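Below is one structure, written out as structure tokens, with a few remarks after it.
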Amino acid sequence: MNLKQVAALAGVSVSTVSRVLNGKSYVNAETREIVMKAIRQTNYQPNALAQSLKMGRSNTICLMIPSIENMMFPKLTRGVEDIARKNGLTVFLCNTDEDAAVEKAYIEAMKMRWIDGFIVCSIASDAPHIRSLRTEGYPLVLVNRFEASDIGKVDTVATDNYQIGYDATQYLIRTGHKRIAIAYGRDELLLYRERRRGYLQALTDNGLPCPEAYTMRETNGNNGFYYQTKELMGLDNPPDAIFCSSDPKAFVVMHALHDLGLRIPEDVAVIGVDNVSMASMVEPPLTTISQHLYRMGAAAANSLIRQIEYKEKNGVLPKPERTIFSSDLIVRRSTN
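Numbering-wise, the sequence shown is residues 91 to 426 according to my numbering.
Written out as structure tokens, the structure reads:
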């Protein structure tokens, strides 16, 4: 069934049917009801791409994440989807595996679908193919992973990662720990650099040392922390607490400590970041700094919608906005 047949059944012009479908032009209520009845009777399904060409909108957005297997992204994704659904938008979820070639392929595919905008959680420090999207006129939001130079140039949504590192370390110090190590994430990501900066500042403010041997660095993903933890605890003066810059890193560190026969927290306290669902299920349950992941996803979707609507009305993108979330300390039994 095509548009002409719907128009013939309703006894109106093809342009009238189009006006009813796109909702952008006035059609009186009686005519609208006649057209809608004809659409129902014929089970007419408008071509989404054709509508996009006419309306300049596809009512679809793209959410790009490194991997859905990463435990922080289900809550964030749900936040994006809930807001998108309430606003009549469909979300395309793209797992990039942090591969620039994959990202570029997804971007081109999304452009062919007349995507309305992009929410990107996987950007690396060197990603001109993503940063250029705003220059090309696409609404764009970067979530948690971006550089300081991106702030003010594109919409960003993030937690205060410096405060996360500071608060986690301060808590360990308040509970009597003086030799605090860190399981540090990838140095090229600002969020990990900021968490480490907060950690170092808390140690400095309390006059505590931070020997280089107390810094475990990510190699080959989180699993590398298993062997580094064993080496760390073999030092002459091992740490009495470990700040892990994400919960998955903490799980690996705890596994190594268990295998060494060390007690958590009696021998070594462990604190993580993110408060993923498994954090309360490991033994002992993990003390962690909770990010508001659902709210971050919702904020990113609202930020993107703001840009889409502004561009539709004014023909250009609005001035970029920055959204920063606080975090919460969740105390469980992995610390004293």
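In this text, a Cβ means the ideal position worked out from N, Cα and C, and glycines have one as well. Keep in mind it's a predicted model, so treat the numbers as computed, not measured.
Sequence-distant residues of its chain with Cβ nearer than 7 Å to residue i (five each side left out)
i    : result
G178 : N149
Q318 : M306
A390 : V170, I209, V231, V233 and V247
K243 : P410
N392 : I173
I283 : Inspection of the sequence shows that residue 283 is occupied by Arg rather than by Ile. For R283, where only same-chain residues beyond five positions count, the Cβ hits under 7 Å are D277.
For residue j and residue i, believed in contact at Cβ under 8 Å, the rounded distance
i    : j    : result
R130 : V117 : Incorrect: roughly 16 Å between the Cβ atoms, too far for contact.
S424 : P355 : 6 Å
G288 : T259 : 7 Å
R168 : G387 : 7 Å
Neighbourhood of residue i by C-beta, 8 Å cutoff - its chain only, sequence neighbours within 5 removed
i    : result
F182 : T150, I151, C152, L153, M200, R203 and I205
Sequence-distant residues of the same chain with beta carbon closer than 6 Å to residue i, five excluded per side
i    : result
E193 : T186
L78  : Given that the chain is displayed from residue 91 to residue 426, the structure contains no residue 78 and the question cannot be resolved.
A369 : D337, L376 and T378
T249 : Q381, F415 and S417
Proximity winner among the options, relative to residue i (alpha-carbon distances)
i    : options                   : result
T121 : Y134, V102 and R283       : V102
S380 : L394, M386, A388 and V363 : V363
P408 : V107, N160 and G227       : G227
N92  : A119, T132, M126 and M386 : T132
V421 : K403, R353, F341 and I361 : I361
L262 : D245, L293, R168 and V342 : L293
G351 : N365, M162, G324 and T413 : G324
M161 : S215, L290, E373 and S367 : S367
R286 : N251, T309 and T225       : N251
E237 : K94, G405, G275 and L279  : L279
Subject >> Whole alpha helix (DSSP H) elements within the region 230 to 304, 4-residue minimum >> reply: List check, alpha helix (DSSP H) in window: 251 to 264 and 280 to 295.
Subject >> Three or more C-beta pairs below 8 Å linking the region 216 to 223 and the region 395 to 403 >> reply: Contact annotation: the region 216 to 223 does not touch the region 395 to 403, with fewer than three C-beta pairs closer than 8 Å.
**OP:** Count the C-beta pairs between the region 309 to 326 and the region 250 to 268 that are closer than 8 Å, then say yes if the count reaches three, no if not.
**Re:** Output reads no: the region 250 to 268 does not touch the region 309 to 326.
Original post:
On the three-pair Cβ rule with 8 Å, is the region 344 to 357 touching the region 290 to 310?
Top reply: Using a Cβ-Cβ distance cut-off of 8 Å, the region 344 to 357 and the region 290 to 310 are not in contact, since fewer than three pairs of beta carbons, one from each stretch, lie closer than that value.
**OP:** Ignoring anything shorter than 4 residues or poking outside the region 350 to 420, list the alpha helix (DSSP H) runs there in chain order.
**Re:** Within the region 350 to 420, the complete alpha helix (DSSP H) runs of at least 4 residues are 383 to 404.
**OP:** Could you name each continuous beta strand (DSSP E) segment of 3 residues or more that falls completely within the region 195 to 225, going from the start of the chain to the end?
**Re:** You should have 208 to 210.
Original post:
Can you list, in chain order, the stretches of the beta strand (DSSP E) that have 3 or more residues and sit fully within the region 306 to 340?
Top reply: The region 306 to 340 contains these whole beta strand (DSSP E) runs: 331 to 334.
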